[in-house]
Structures are given as structure tokens and as C-alpha cells.
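K.L.:
Have a look at this one.
Protein chains: 2
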Amino acid sequence: MLMLITYDVSVTTSDGRRRLRNIAKVCLDYGTRVQNSVFECEVTPAQFVELKNELLCIYDSDEDSLRFYYLGKKGREKVEHFGAKAVIDPHNSTLIL
Amino acid sequence: MLMLITYDVSVTTSDGRRRLRNIAKVCLDYGTRVQNSVFECEVTPAQFVELKNELLCIYDSDEDSLRFYYLGKKGREKVEHFGAKAVIDPHNSTLIL
Numbered sequence: 001m002l003m004l005i006t007y008d009v010s011v012t013t014s015d016g017r018r019r020l021r022n023i024a025k026v027c028l029d030y031g032t033r034v035q036n037s038v039f040e041c042e043v044t045p046a047q048f049v050e051l052k053n054e055l056l057c058i059y060d061s062d063e064d065s066l067r068f069y070y071l072g073k074k075g076r077e078k079v080e081h082f083g084a085k086a087v088i089d090p091h092n093s094t095l096i097l
Numbered sequence: 001m002l003m004l005i006t007y008d009v010s011v012t013t014s015d016g017r018r019r020l021r022n023i024a025k026v027c028l029d030y031g032t033r034v035q036n037s038v039f040e041c042e043v044t045p046a047q048f049v050e051l052k053n054e055l056l057c058i059y060d061s062d063e064d065s066l067r068f069y070y071l072g073k074k075g076r077e078k079v080e081h082f083g084a085k086a087v088i089d090p091h092n093s094t095l096i097l
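Note that the protein sequences, when read in sequence, are chains A and B. Under UniProt numbering, the residues of the first sequence are numbered 1 to 97, in order. Under UniProt numbering, the residues of the second sequence are numbered 1 to 97, in order.
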């Protein structure tokens, strides 16, 4: 299933910048960065539980915002991209446009 | 239907910062800001065409990235929010948590 993860992390402190790096790193273990703070992750329900738990261990609930969107099995049909930073889809080896 | 709009706008120039302000302004006409660069818009298909056309007139296809996600009629059931910046849902007058 395709999950979309978006986040706002406060980067006014070095702690915040560290959290931002660590959140991005975890998301990249499971998926693709499609914008600076937006990741698409093709995962099983079990992998999603792992991914979510890892992110919830890193983020600061007072400072940061994390959102998860369930796009489902046909998630890639629900996305339209315009402009810069088209990304390689590792599942199809084609550009998402 | 619920549409999710995410964008990365290059803000290295004053033109970029102006585009960012204008894109946010248009999105706010149709929906709710849930993160800095993420909007949720409850729109009809006709409104979505208008909204998309307005954004495509503002953005710079070489510099900026715009993504549209179709979350559908039960879109609000597909979202999980954690942390700061929980937002008021104008349709239910309740916090999305």
C-alpha cells in the first residue's frame, strides 16, 4: 500500500535540525522523497507500523507535526505532479510526471 | 472530495517568495493549511479544476514542484496527525488529531 508522509519540523534549534535529518533518513529507508518534507512509501501494513513507530520516537510532539495519508493499493493513480523535481519511481523505473 | 496539495517553491529569489505567498493564498481560498506546504481542500471536481488551473498559472515549472493527491469522499478517514499544529476542521468544528 502507498503511504504519504508529510512533516513540519521546527529547525530553529540544533535539536530540531537533527530531528529533521533523522526523520528524513527513516523515511528514505522505506520510500522516496518527492518534495522536501513529503515522502511516498510503498509498504506493507506491518512495515508501516514499524515506520510510524520509528518516526514517533524521533519527533518532538510539542514542536513538530507529522501526518500520514493512506493512499492504498492504487495510490500511484491518485497523484498528479507538476513542475520541478519529478522523481524516479523505483517500481516502474519511469518518471512520475 | 478531499484533495491534498503539497508544494515546494524555490524561495531564493523575491519572485519565488511572491509565488509562495500567492500559492498559499489560492489554497486557503479552497481549504485548510495543515502544514507549511501542505493543504487539504474539500472541493467538487469543478472546483478542483479551477483550483489547479489557478495554481498552474502561478507556479514556475522550472523551479517549483506541485503535487495533487486525490483522497476521495472519505478522505478524512485516511489521515493520521501527530504532534503540533493540529488544525480546526471547519466541516466538523473539531480538532483533527
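Note that beta-carbon positions come from the ideal geometry of N, C-alpha and C, so glycine has one too. Source: prediction; values computed, not measured.
If you follow the beta strand (DSSP E) that S65 (chain B) is in, where does it begin and where does it stop?
P.N.:
The sequence position of residue 65 (chain B) within the second sequence is 65, counting from 1. Here the beta strand (DSSP E) through S65 (chain B) covers 65-72.
K.L.:
Considering only the alpha carbon of each residue, which of A:S14, A:A24, A:V34, A:M1 lies closest to D8 (chain B)?
P.N.:
Translated into the one-based positions of the second sequence, residue 8 (chain B) becomes position 8. It is A:V34 whose Cα lies nearest to the Cα of D8 (chain B).
K.L.:
Taking the alpha helix (DSSP H) that E80 (chain B) belongs to, which residues open and close that run?
P.N.:
Taking the second sequence and counting its residues from 1, one reaches residue 80 (chain B) at position 80. Where E80 (chain B) is concerned, there is no enclosing alpha helix (DSSP H), although the beta strand (DSSP E) it sits in stretches over 79-83.
K.L.:
Three or more C-beta pairs closer than 8 Å, one from the segment 20-34 of chain A and one from the segment 47-57 of chain B: is that the case here?
P.N.:
No, they do not touch.
K.L.:
For V11 (chain B), does the three-state DSSP call read helix, strand or coil?
P.N.:
Along the second sequence, one-based indexing puts residue 11 (chain B) at 11. It is coil, neither helix nor strand.
K.L.:
Alpha carbon to alpha carbon, what distance is there between T13 (chain A) and F68 (chain A)?
P.N.:
Start at 1 with the first residue of the first sequence, and residue 68 (chain A) comes out as number 68. Start at 1 with the first residue of the first sequence, and residue 13 (chain A) comes out as number 13. The alpha-carbon atoms of F68 (chain A) and T13 (chain A) are separated by roughly 25 Å.
K.L.:
Could you compute how far the alpha carbon of A84 (chain A) sits from the alpha carbon of E63 (chain A)?
P.N.:
Numbered from its first residue, the first sequence carries residue 84 (chain A) at position 84. Numbered from its first residue, the first sequence carries residue 63 (chain A) at position 63. About 29 Å.
K.L.:
Could you give the C-beta distance for Y70 (chain A) and K78 (chain B), rounded to a whole number, given that I count them as a contact under 8 Å?
P.N.:
Residue numbering aside, residue 70 (chain A) sits at position 70 when the first sequence is read from its first letter. Residue numbering aside, residue 78 (chain B) sits at position 78 when the second sequence is read from its first letter. Right, their Cβ atoms sit about 4 Å apart.
K.L.:
Would you report the Cα separation of F82 (chain A) and I5 (chain B), rounded to the nearest angstrom?
P.N.:
For the purposes of this step, residue 82 (chain A) is taken as residue 82 along the first sequence, with counting starting at 1. For the purposes of this step, residue 5 (chain B) is taken as residue 5 along the second sequence, with counting starting at 1. The straight-line gap from Cα to Cα measures roughly 11 Å.
K.L.:
Output yes if chain E places a C-beta closer than 8 Å to the C-beta of Q47 (chain A); else output no.
P.N.:
In the structure shown, chain E does not exist; the protein chains are A and B.
K.L.:
Can you pull out the residues from the segment 25-36 of chain B whose beta carbon lies closer than 9 Å to at least one beta carbon of chain A?
P.N.:
Cβ contacts with chain A: V34, Q35, N36.
K.L.:
Please name the residue or residues paired with I23 (chain B) in a DSSP beta bridge.
P.N.:
Translated into positions along the second sequence, residue 23 (chain B) becomes position 23. In DSSP, I23 (chain B) forms no bridge with anything.
K.L.:
Thinking C-beta only, is S61 (chain B) closer than 8 Å to S37 (chain A)?
P.N.:
Counted from its first residue, the first sequence places residue 37 (chain A) at position 37. Counted from its first residue, the second sequence places residue 61 (chain B) at position 61. No, they are not a contact pair.
K.L.:
Give me the Cβ distance between M3 (chain B) and C57 (chain B), rounded to the nearest whole Å; I'm assuming they're in contact under 8 Å.
P.N.:
Stepping through the second sequence from its first residue, residue 3 (chain B) is reached at position 3. Stepping through the second sequence from its first residue, residue 57 (chain B) is reached at position 57. About 17 Å separates the two Cβ atoms, so there is no contact after all.
K.L.:
Roughly how many angstroms separate the alpha carbons of G72 (chain B) and C27 (chain B), rounded to a whole number?
P.N.:
Sequence index remark: in the second sequence, residue 72 (chain B) carries index 72 (1-based). Sequence index remark: in the second sequence, residue 27 (chain B) carries index 27 (1-based). Near 18 Å, if we compare the C-alpha coordinates of C27 (chain B) and G72 (chain B).
K.L.:
Give the range of the alpha helix (DSSP H) segment to which V43 (chain B) is assigned.
P.N.:
As a working note, residue 43 (chain B) is residue 43 in the second sequence. From DSSP, V43 (chain B) is part of no alpha helix (DSSP H); its letter is neither H nor E.
K.L.:
By how many angstroms is the C-alpha of F39 (chain B) removed from the C-alpha of L95 (chain B)?
P.N.:
Start at 1 with the first residue of the second sequence, and residue 95 (chain B) comes out as number 95. Start at 1 with the first residue of the second sequence, and residue 39 (chain B) comes out as number 39. Low confidence applies to L95 (chain B): its pLDDT is 44, below 50, so where it sits in the model is not reliable enough to give any reading.
K.L.:
Is the Cβ of P90 (chain A) closer than 8 Å to any Cβ of chain B?
P.N.:
By one-based count along the first sequence, residue 90 (chain A) stands at place 90. In this prediction, P90 (chain A) has a pLDDT of 48, which is less than 50 and means its spatial position is unreliable; nothing more can be read from the coordinates.
K.L.:
So with Cβ pairs under 8 Å, would you call G83 (chain A) a contact of chain B?
P.N.:
For the purposes of this step, residue 83 (chain A) is taken as residue 83 along the first sequence, with counting starting at 1. Cβ-Cβ to chain B under 8 Å: yes for G83 (chain A).
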